[in-house]
Every structure is written in structure tokens, then in C-alpha cells.
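Protein chains in written order, with this note's numbering: chain A, 62 to 343; chain B, 7 to 302.
Beneath this line is the structure, given in C-alpha cells, with notes to follow.
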């Protein structure tokens, strides 16, 4: 019987407004979306509340930052490096056609710092960390460890969700900066080695393309993406049902859903930040 | 109902003579550890529990029998507040927990130990850290933690495994660690959810002995969900005694002592079909009960 119904897996105390116990599978898409949204908002609220009172799990936050941040550094750096390289590789001939090759660095800087850096880093982290989070939490649900945790008087939101989300909020911007940096280096290398562009020209062009708006955009975005990845993966993990098969399903869903949400929210965030930043200080 | 006598206060006769102090102690004594009043729970159109009422006295072990899917484990989840009933009330130590929020439930859960089917040990923590979990959460000094963890592991006879990881343990050992973890903080209620399922008979017997020790020596109230009849056989006919050296022995009930603190509740499709001692259950003419006991 256990795990058969949505609300048996996650009790009503987590979803206080869900008086109807309709099996989750039989809802239509829109109702399901609303329920998921409610659940995720609720999880966010509970994980924020987890910070206001002790026990706070600082050790666990550091541990997660190590796993998420330091652990993802390699793939993120590589992603950034080759993306920067390929940008120059494709753009340089066109720029050279118009005689604008000295602006190559500006193009890489703008597209990397504003868009590709944050989005690609978030996608890589969603794949690596999102899947790990939801698989770990899902396995804990299936083996009743989450129930055991609650029975022992600990809130899983506070102990498991809050540290992971905070770790993502801190490390994702840092990872993005690393990806941006290595992307610029990769672009510079390609420009210099393959097309013979002078390094000083490249660097000064990069500096033209790097304004304060781009930097602010490039750091604010990954904070949101970190929140999205953390919330969706934790939610999917904690609502796992149906044994080991369920763990597989929730892991897939976590990665797919957080990747899509990252890409969609990127558009709206870009628009929002564009109008907000352009009309204010900078 | 069988337990009405406990609730109505008719047994108060003697302590009225002993003064108010005794009355207070005995009132705590007669207040049931767990009480269900007309509890109903349904998922969609499937009824899980249908007006279930029962109570568990202090120091009593209540067996919940029934085939899979009759709501046995649901009862345990309701007691812990992991699920909420659709209607009816649930009382723990006389406190109505039905409408408690998570913070209040956490307070209640501190007095309730739970032993899960497969032990549900935290994979990432060693046996020591698993047993110490509750104490680490409350920031207890480490020397006290170690003392308590060793005491509990001695109780389940697993002190040697203190530094092992859960993956290195056998099924029976995992469950014994689960029991040790549930007993930290001396809860006065312990819930067993099919603790012997899938274990070999001697290991299953060890788990039952632990339950008997808890009941007779530690005075713990417990609910024992199972569908294995030999568990009932052991727990309802034997009692634990301490000899002069403090060693625990097990004796069959007989001419000197009679076992009164183990009762059976049998469920069928969310309804109670039997409630009482084990002998009437064994001699029952009800075809459903006979079929459950003998398998045919």
C-alpha cells in the first residue's frame, strides 16, 4: 500500500491545503501543475523557516557546498572553456569578413557573461547535482529513512532541503564566474592560436564587452537558477513513490524539469533584468 | 469495550485511601498510552480505516494482526502524525494530537520510538551515529552520547558493531540497531512495524525477546504490527524476569504468573474484527480468524 498515493508519501502536514485526497495520477495536467507549484512553494517556505530556528545544520551546508561546488568545478570549467572557444571559432570568420575581428572578445564576453555562462553552468549542475539530490532523497523515501527522520523528531526540510538549497545559492554564482573566466580564456586561446589575433586586442575588446550590467545579470541569474534546481530536485526526490523504479523516474523528472525551468526562466529573467538595470543606476 | 474499566476510574478505589500523591501517579497509570477514538481514513474511494477505536494501556503490548493492506502500518503512521485521519481523535498520553502541527508533533515524537520494517537506518551514518542521532540533534555532550549509545547497543547485544556502516550489517542486525536507535531517550511508547518480516526464526526470536524485555523490564507500551503468528506466540506467552545478578531470563506463563499485558487487535478491511487476549483468538470460531491463524 505504501507509496501508492501521492498524499501517503508526503503527508498533509507538508501540503496543508490539500484536503482532497485525490490520487495524483488521476488529476488533469493543470490541477497537477497547481499542486506541484503549491508543493514546491510550501517546500521553499519550510526550508526558509528551517533557518530561523535552531538546529541549523552549518556542517551539512559546508558538506553540500563541497559536493556541489567543488565537485562540479571540473565539468563547469571545461564547459566554459570549450564554449568560449567555439564562440570565437564560429564568429571570427564572419567578423573578419566585415573587418571587425578586433571586436571578437566583446562578442564572447557579452554572450558568455550574460547568457551562456549562467545557463550552461546551470544545465550542467542540474544534470550532475539535481540528479544526485533527487536520487539520494528518493532512495531515502523508499527505504523509509525520511519517515525515520521524522519519527526521530527532525524535519527533513530543515535537515536535508535547506542545506542543499543554500549550498546551491552560494556555489552556482561562483561556478558561473569560473565558467565565464575559462570561457574567455578559451576564446582568447582560439583567437590567438587559430586566427592569430593579438592578445592585447582581445583583452581590451573583452573589457569593452564587460560592463556592470552584464556582470550583475551574470551573477543574479545563477542565484535564481540555483533556487530552481534545488527546489525541483528536492521536491521530486521527496515525492518519490513506487520503489526503485520510482527513484529512476523522479531523478529523470528532476533533471528534465529543472533544465526546462532554467531555460524558460532565463528568458524572463533576461527581460526583467534588462529593463530593471537599463532604467536604473547603470 | 474491554478498556472502559480503565477509563471510567472504577479502579481508583485503593488510592483514594493513599492520598493525593498516589492518585496523581495512578491517574497517569490509568491514562492510556495510546487511544484511538472512531478514527476514519480513506484515500479516494478506498477506505483504509473505518471507525477504529482502541487503546493501549501503559506497559501493554498491543498486537495488530491482519493481512497486508488492512491498514496496520497506517495506524502506526497515524500515531506518529505522519498521516492525519479524516475524522476521529488520536490521543497519546492523554494528549489529543489529531490537530497538532509539526512543531507540536516533534515534541510528541520525542516520547515515541519507532522500529521500521527494514530498520530504515541512515546509510550515510555509522551504527554509532545512527543510534546517537536523536542525541546529536539535541546537542548532547559527546561523552554522554557515547555512554548512552553503548548502553543501547548492549541492550540489543550489538556493542561490537558500533563502528560499522549499515551496509556491512545483516538484516537482523540492522533491525536491532533500528531498535537501539528507537530506544534512545527512553521513549515510553515503542512502535514496531513488522520487525521480524523476512528474518530467520532465531533472529526473529531475538527481536521478540527484545520486545518482551521492553514490556516487562522497561515498562514500555508498544504496538507490534505483524502477520507472523510465532511472534504472537512468544510475546503473549512468555515474560522476562531479572535474577539477582541482573541477568534477564525468559519464562513461560504458567502456574506462578499469568501474562496480562499483551492483547491482540485484528483488522479486516479497515475494521476491527477481534480485540482481546490471545487465547480467545486461538479458540475463535470466526472463519476469517481461523483462516488467518492456520492459513486455510
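Even for Gly, the Cβ is constructed at its ideal location relative to N, Cα and C.
Remember, predicted model here, so these are calculated numbers, not experimental data.
Residue 116(A) has a beta carbon lying within less than 8 Å of a beta carbon in chain B. Residue contact with chain A for residue 160(B): absent (no Cβ-Cβ distance below 8 Å to any residue of chain A). Among the residues of the segment 208–235 of chain A, those with a Cβ less than 7 Å away from any Cβ of chain B are 208, 209, 211, 212, 213, 214, 215 and 216, in the order of the chain. Taking a cut-off of 8 Å for Cβ pairs, the segment 112–127 of chain A and the segment 226–244 of chain A touch, as three or more such pairs fall below it. In the three-state scheme derived from DSSP, where H, G and I count as helix and E and B as strand, residue 126(A) is classed as helix. Within 9 Å of the CB of residue 294(A), no CB atom of chain B is found; the nearest one sits about 17 Å away. Here the alpha carbons of residue 109(B) and residue 208(A) stand approximately 16 Å from one another.
Nearest to residue 99(B) by alpha-carbon distance, out of 293(B), 191(B), 61(B) and 149(B), is 61(B).
Going by DSSP, residue 195(B) is part of the beta strand (DSSP E) stretching over 195–199. Judged by DSSP in its simplified three-state form, residue 282(B) adopts strand.
With respect to the 8 Å criterion, residue 198(A) and residue 213(A) are not classified as neighbours on the basis of their beta carbons. For residue 197(A), the uninterrupted alpha helix (DSSP H) segment begins and ends at 192–203.
The straight-line gap separating the alpha-carbon atoms of residue 339(A) and residue 274(A) is approximately 8 Å. When Cβ-Cβ separations below 8 Å define contact, residue 192(A) makes no contact with chain B. For residue 137(B) against residue 167(B), the beta-carbon gap comes to about 10 Å, at or over 8 Å, which does not count as contact. Remark: C-beta atoms of residue 308(A) and residue 233(A) do not approach each other more closely than 8 Å. Listed along the chain, the chain B residues whose CB falls inside 9 Å of the CB of residue 205(A) are 122, 123, 124, 125, 126 and 199.
Think of a sphere of 7 Å around the beta carbon of residue 63(B): no beta carbon from chain A falls inside it, the nearest being about 22 Å out. Closer than 8 Å to the CB of residue 116(B) there is at least one CB belonging to chain A. In terms of Cβ geometry, residue 225(A) and residue 111(A) do not form a close pair [threshold 8 Å].
In the structure shown, the three-state DSSP call for residue 259(A) is coil. Using a 10 angstroms sphere on the CB of residue 221(B), the tally of other CB atoms reaches 16 or more, which defines it as buried. Restricting attention to alpha helix (DSSP H) runs no shorter than 4 residues, the segment 144–231 of chain A encloses them at 165–171, 178–186, 192–203 and 206–212, ordered along the chain.
The shortest C-alpha to C-alpha distance from residue 182(B) to any of 203(B), 190(B) and 159(B) is the one to 159(B). Taking a C-beta cut-off of 9 Å against chain A, the contacting residues of the segment 143–160 of chain B are 143, 144 and 145, listed in chain order. By the rule that beta-carbons nearer than 8 Å mark a contact, residue 108(B) touches chain A. Here residue 145(B) is exposed, its C-beta having fewer than 16 other C-beta atoms within 10 Å.
Around residue 78(B), the same chain offers 70, 72, 231 and 273 as residues with beta carbons nearer than 7 Å, after the five sequence neighbours per side are excluded. Measuring C-alpha to C-alpha distances from residue 298(A) to each of 280(A), 121(A) and 203(A) identifies 203(A) as the nearest. Residue 153(B) counts as exposed, since fewer than 16 other beta carbons sit within 10 angstroms of its beta carbon. At a cut-off of 8 Å between beta-carbon atoms, residue 296(B) makes no contact with chain A.
Taking 8 Å as the cut-off, the beta carbon of residue 244(B) is found no closer than this to the beta carbon of residue 213(B).
According to DSSP, residue 277(B) shares a beta bridge with 274(B). Exposed is the label assigned to residue 147(B), since fewer than 16 other Cβ atoms lie within 10 Å of its Cβ. Taking CB atoms only, residue 134(B) has no neighbour in chain A less than 8 Å away. For residue 118(B), the enclosing beta strand (DSSP E) starts and ends at 118–121.
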